[in-house]
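Note sheet for the following structure.
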Amino acid sequence: MSTARDKAILNTILNPFLPQDGDDFNENNSDNSTDDIGEITKEILEARKLEKEGILMIENNKINDGIDILSKAIEIAPQLPSLYNNRAQAHRLNNDDKSALDDLNKTITLSKGCGRSARQAYCQRGLIYKKMGENEKAVDDIKNGAKLGSQFAKMFLIQLNPYAALCNSMLSQVMEKLYNGESIEHN
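Residue numbers (the working numbering): 1124 to 1310.
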């Protein structure tokens, strides 16, 4: 059985370019994976049902219909951050970054910057900021997504750092050679 120290050492070896501040970046971290929505009411259950329908419509490329259904769900349970987050994703698919940003800001506010919806919202908003050329805001949001457990955000931060990307590429090549039983040349 491995200890927390063993895991930290292994994480440092495998992810040398990530912050080693003791945060658990596991996407399935139970503390960060769900949103605190309080008591489950019939309104919340109805909104969740509509949310699933809206997502299904979006997945079937009926984006505007999905947005309409998610908007109905928001009318029923406006306190649910995931509804805004999912509608933001649909707005992004429609290239409507302004509406997406409005919904992502609402997601982060409602979730108090915690939980699954906040994690996803920070990542989505960071990508929009990156697209808009607002790199500092993008990095801040992606870092927040990483702190909440997003593996995507961790990898994106590595790609943003050219030195880390180069070292990661070199390390991958060495590991691949070792795995394949090839010798490693020293210069």
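Each residue gets a CB set at the ideal place from its N, CA and C atoms; glycine is no exception.
Sixteen is the threshold: when 16 or more other Cβ atoms of the shown chains lie within 10 Å of the Cβ of residue 1204, as they do, the residue is buried. Secondary structure of residue 1194 (DSSP, three-state): helix.
Around the beta carbon of residue 1277, a 10 Å sphere encloses 16 or more other beta carbons of the protein chains shown; the residue is thus reported as buried. For residue 1251, the enclosing alpha helix (DSSP H) starts and ends at 1238-1254. The region 1235-1247 and the region 1260-1272 touch, with three or more beta-carbon pairs separated by less than 8 Å. Taking 8 Å as the cut-off, the Cβ atoms of residue 1193 and residue 1213 count as close.
A straight line joining the alpha-carbon of residue 1197 with that of residue 1304 spans about 56 Å. In this structure residue 1272 is buried. Its beta-carbon is surrounded by 16 or more other beta-carbon atoms within 10 angstroms. If you draw a straight line from the Cα of residue 1256 to the Cα of residue 1306, it is about 43 Å long.
The three-state reading of DSSP puts residue 1201 in coil, since its state is none of H, G, I, E or B.
Here residue 1177 carries a helix assignment [DSSP, helix/strand/coil]. Rounded to whole angstroms, the separation of the alpha carbons of residue 1190 and residue 1210 is 6 Å. With a cutoff of 8 Å on beta-carbon distance, residue 1258 and residue 1227 are scored as not near each other.
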